[in-house]
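Data block below; observations after.
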Amino acid sequence: MGLKKASGSQEAPPEQTSKKGSGSAQPGIVQKDGSIAVEWASIELDDNELEDFVRNRLSIMLAQLPGSAAGSVECTVDLADNHLRQAGTLAKMLQSLRETSLHVTVLRLYKNRYDDSVAVPLAEHIRAAATQGRPLMQLHLSNNSLTEAGMRLLIEAAHHSKGYPRSMGCAKLKSLGQDSGRRVLWLRVENQDSPIAGPRDFLESCSSVGLPVWILGDGSGQKPPADAVVQIHPSFVRTHDGGSAGSSAGGKGFKGPKGAGPMTALDRYLMH
Numbered sequence: 000m001g002l003k004k005a006s007g008s009q010e011a012p013p014e015q016t017s018k019k020g021s022g023s024a025q026p027g028i029v030q031k032d033g034s035i036a037v038e039w040a041s042i043e044l045d046d047n048e049l050e051d052f053v054r055n056r057l058s059i060m061l062a063q064l065p066g067s068a069a070g071s072v073e074c075t076v077d078l079a080d081n082h083l084r085q086a087g088t089l090a091k092m093l094q095s096l097r098e099t100s101l102h103v104t105v106l107r108l109y110k111n112r113y114d115d116s117v118a119v120p121l122a123e124h125i126r127a128a129a130t131q132g133r134p135l136m137q138l139h140l141s142n143n144s145l146t147e148a149g150m151r152l153l154i155e156a157a158h159h160s161k162g163y164p165r166s167m168g169c170a171k172l173k174s175l176g177q178d179s180g181r182r183v184l185w186l187r188v189e190n191q192d193s194p195i196a197g198p199r200d201f202l203e204s205c206s207s208v209g210l211p212v213w214i215l216g217d218g219s220g221q222k223p224p225a226d227a228v229v230q231i232h233p234s235f236v237r238t239h240d241g242g243s244a245g246s247s248a249g250g251k252g253f254k255g256p257k258g259a260g261p262m263t264a265l266d267r268y269l270m271h
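See below:
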């Protein structure tokens, strides 16, 4: 599968359109402003099809990617609004992408069926990509089935990765569009099934263990402070407790309960 370059500011049409069918799904790939977009959203993609692509076709696609004299090539990956639930397949895909010169700046996984098990490979990717100097800048996970445990794993990974905030003089990331100057991780985790009980308490607990998360009010024009690491959309608080997010930030996190409890999806993944 080849890549088509954009003409002017218009996105080039994908060489292969995405389509549904056992083993037949292919991502649409476009180039714009020197970056690459893997567009695979809203095609009823399931884990078997993604597994087939990762195992048999991803390496071919990656071998055809253009190089860049300036270093890594920015890439956005959109797998939103599908039927994905298996963390292992996503882990293999992310590892393959890290082994190239690609800088995955945006990962859209919202409106799938992921539970806390997906937080393990995502946390690994956050840490590993930051170590490579190619930090993930936007992670969209709303409308899945994560709990506080999975969310905290992601927040903790960002804080411990040393990849955030990006330096004040860092180069703009064209693949982020109007958000090109972003320095902190933008994390979307609202609207989970089941809803998070006490989102403010969750965020406060993160802050209490040194994992602050920032929330800025809609339309406030504010930016996270210079030392911020993670920013969450204000709807995380609104949709889970019915309240209204303030225009300034507060840090919050999650401490697991003491003592043994029922085995969670995260436990099962770690034991696999």
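Read in order, the letters of the sequence shown are residues 0 to 271 in numbering that gives the first Met the number 0.
Ideal placement from N, C-alpha and C gives every residue a C-beta, glycine not left out.
Note that this is a predicted model, so its numbers are computed, not measured.
| Asked | Found |
| --- | --- |
| C-alpha gap between Ala-148 and Gln-191, whole angstroms | 13 Å |
| Boundaries (first-last residue) of the alpha helix (DSSP H) holding Thr-146 | Thr-146 -> no alpha helix (DSSP H), and no H or E assigned at all. |
| Residues bridged to Cys-74 [DSSP beta-bridge criterion] | Ile-35 and Val-103 |
| Neighbour-count burial assignment, Pro-274, 16 or more Cβ in a 10 Å radius | Missing from the structure shown is residue 274; the chain here goes from 0 to 271 and no further. |
| Which listed residue (Phe-52, Glu-189, Arg-199 and Ser-71) has its alpha carbon closest to that of Gln-131 | Ser-71 |
| Asp-45 - DSSP class collapsed to helix/strand/coil | strand |
| Supposed contact pair Ala-40 and Ala-79 - C-beta distance, whole angstroms, cut 8 Å | 4 Å |
| Burial state of Ile-231 (16 or more Cβ within 10 Å) | buried |
| Nearest-angstrom Cα separation, counted from Leu-135 out to Leu-281 | Residue 281 cannot be examined here, being either before or after the span of the chain that is shown, 0 to 271. |
| Residue interval of the alpha helix (DSSP H) (run including Gln-177) | First-last for Gln-177: undefined, no H or E at that position. |
| Proximity to Glu-98 [Cα-Cα], best of Arg-112, Gly-87, Leu-64 and Gln-177 | Leu-64 |
| Burial state of Gly-209 (16 or more Cβ within 10 Å) | exposed |
| Nearest neighbour of Pro-26, chosen from Asp-32, Asn-142 and Glu-50 [CA to CA] | Glu-50 |
| Span separating the alpha-carbon of Asn-142 from that of Ile-214 | 19 Å |
| Every unbroken beta strand (DSSP E) within the segment 177 to 210, with a cutoff of 3 residues, ordered by chain | 184 to 187 |
| As assigned by DSSP and simplified to three states, the class of Val-228 | coil |
| Distance cut-off 7 Å: Gln-177 Cβ against heavy atoms of the ligand GDP | Because no ligand of any kind appears in the structure shown, any question about the ligand GDP cannot be addressed here. |
| Gly-20 versus Ile-42: straight-line alpha-carbon distance, rounded | Any reading at Gly-20 must be qualified, since the residue scores a pLDDT of 46, below 50, and its modelled position is unreliable; the value itself is stated next. Straight-line Cα distance between these residues: approximately 10 Å. |
| Reduced DSSP category for Leu-138 - H, G, I as helix; E, B as strand; rest coil | strand |
| Cβ neighbour criterion (16 or more within 10 Å) applied to Asn-111 | buried |
| Per-residue burial, Trp-180 [other beta carbons within 10 Å of its own, 16 or more giving buried] | According to the sequence displayed, residue 180 carries Gly and not Trp. Result: exposed. |
| Through-space distance from Arg-237 to Pro-198, alpha-carbon basis | 9 Å |
| Coil, strand or helix - Ile-59 by DSSP | helix |
| Distance between Leu-138 and Trp-185 (C-alpha atoms, nearest Å) | 6 Å |
| Exposure of Cys-169, with buried meaning 16 or more beta-carbon neighbours within 10 Å | exposed |
| Beta-carbon proximity list for Ala-118, same chain, < 6 Å, skipping 5 on both sides | Gly-149, Leu-152 and Leu-153 |
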